[in-house]
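First residue of the sequence shown? That's 21 in the working numbering, and the numbers climb one at a time after it.
Even for Gly, the Cβ is constructed at its ideal location relative to N, Cα and C.
Small disclaimer: the values here were computed from a predicted structure and weren't measured.
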Amino acid sequence: MQYPQLHSRRHRRQHPTFATHTLRHWLAANAHRPYPTPEEKQALCRLTGLAMTQLNDWFVNARRRVLPR
(Lines of atoms letter the chains of each structure in order from A and count residues from 1; the text may use other names and numbers.)
(Lines give C-alpha, C1' and ligand atoms only; values in the text may rest on other atoms or scores of the structure.)
Protein backbone atom coordinates (compact mmCIF):
# COMPACT_ATOMS: atom_id res chain seq x y z
CA MET A 1 0.00 0.00 0.00
CA GLN A 2 1.38 3.35 -0.99
CA TYR A 3 0.55 6.55 0.82
CA PRO A 4 0.19 9.83 -1.01
CA GLN A 5 3.05 12.18 -0.37
CA LEU A 6 2.22 15.08 1.82
CA HIS A 7 3.84 18.21 0.53
CA SER A 8 4.86 20.70 3.10
CA ARG A 9 3.99 24.13 1.78
CA ARG A 10 5.65 27.23 3.08
CA HIS A 11 3.27 30.10 3.35
CA ARG A 12 4.56 33.51 2.32
CA ARG A 13 4.29 36.02 5.07
CA GLN A 14 3.79 39.65 4.28
CA HIS A 15 5.89 42.30 5.90
CA PRO A 16 4.10 44.26 8.61
CA THR A 17 1.95 47.09 7.27
CA PHE A 18 3.99 49.67 9.18
CA ALA A 19 7.21 48.41 7.58
CA THR A 20 5.75 48.51 4.07
CA HIS A 21 4.31 51.98 4.63
CA THR A 22 7.63 53.26 5.99
CA LEU A 23 9.64 51.81 3.10
CA ARG A 24 7.21 53.11 0.46
CA HIS A 25 7.39 56.55 2.03
CA TRP A 26 11.20 56.47 1.94
CA LEU A 27 11.16 55.31 -1.69
CA ALA A 28 8.75 58.07 -2.75
CA ALA A 29 10.81 60.72 -0.97
CA ASN A 30 14.01 59.41 -2.57
CA ALA A 31 12.75 58.46 -6.05
CA HIS A 32 15.57 60.48 -7.60
CA ARG A 33 18.09 58.19 -5.83
CA PRO A 34 16.29 55.01 -4.75
CA TYR A 35 19.39 53.38 -3.25
CA PRO A 36 19.70 53.85 0.51
CA THR A 37 23.17 54.22 1.98
CA PRO A 38 24.38 51.58 4.45
CA GLU A 39 23.59 53.99 7.28
CA GLU A 40 20.07 54.55 5.95
CA LYS A 41 19.61 50.80 5.62
CA GLN A 42 20.63 50.27 9.25
CA ALA A 43 18.18 52.95 10.37
CA LEU A 44 15.38 51.46 8.26
CA CYS A 45 16.10 47.99 9.66
CA ARG A 46 15.83 49.30 13.21
CA LEU A 47 12.69 51.27 12.40
CA THR A 48 10.85 48.51 10.53
CA GLY A 49 12.13 45.45 12.38
CA LEU A 50 13.18 43.77 9.12
CA ALA A 51 16.46 41.94 8.65
CA MET A 52 19.03 43.46 6.28
CA THR A 53 18.42 40.76 3.65
CA GLN A 54 14.67 41.36 3.82
CA LEU A 55 15.23 45.09 3.42
CA ASN A 56 17.59 44.62 0.48
CA ASP A 57 15.16 42.25 -1.24
CA TRP A 58 12.28 44.66 -0.66
CA PHE A 59 14.19 47.49 -2.35
CA VAL A 60 15.22 45.33 -5.31
CA ASN A 61 11.61 44.30 -5.88
CA ALA A 62 10.17 47.77 -5.23
CA ARG A 63 12.51 49.43 -7.71
CA ARG A 64 11.35 46.95 -10.35
CA ARG A 65 7.65 47.25 -9.53
CA VAL A 66 7.06 50.79 -8.33
CA LEU A 67 9.49 53.11 -10.05
CA PRO A 68 8.93 54.16 -13.67
CA ARG A 69 11.47 52.93 -16.16
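>> So for Arg33, helix, strand or coil by DSSP?
In response: Judged by DSSP in its simplified three-state form, Arg33 adopts coil rather than helix or strand.
>> According to DSSP, is Asn81 part of a helix, a strand, or is it coil?
In response: helix
> Can the beta-carbon of Trp78 be found less than 8 Å from the beta-carbon of His35?
Replying inline: yes
>> Taking only three categories from DSSP, how would you classify Ala63?
In response: helix
> Whose C-alpha, out of Leu70, Tyr55, Arg29, is nearest the C-alpha of His41?
Replying inline: Leu70
>> By alpha-carbon positions, which one of Pro88, Val86, Leu87, Cys65 ends up nearest to Ala39?
In response: Ranked by how close their Cα comes to the Cα of Ala39, the residues Pro88, Val86, Leu87, Cys65 have Cys65 in first place.
> Around the C-beta of Thr68, are 16 or more other C-beta atoms found within 10 angstroms, so that it is buried, or is it exposed?
Replying inline: Thr68 comes out buried.
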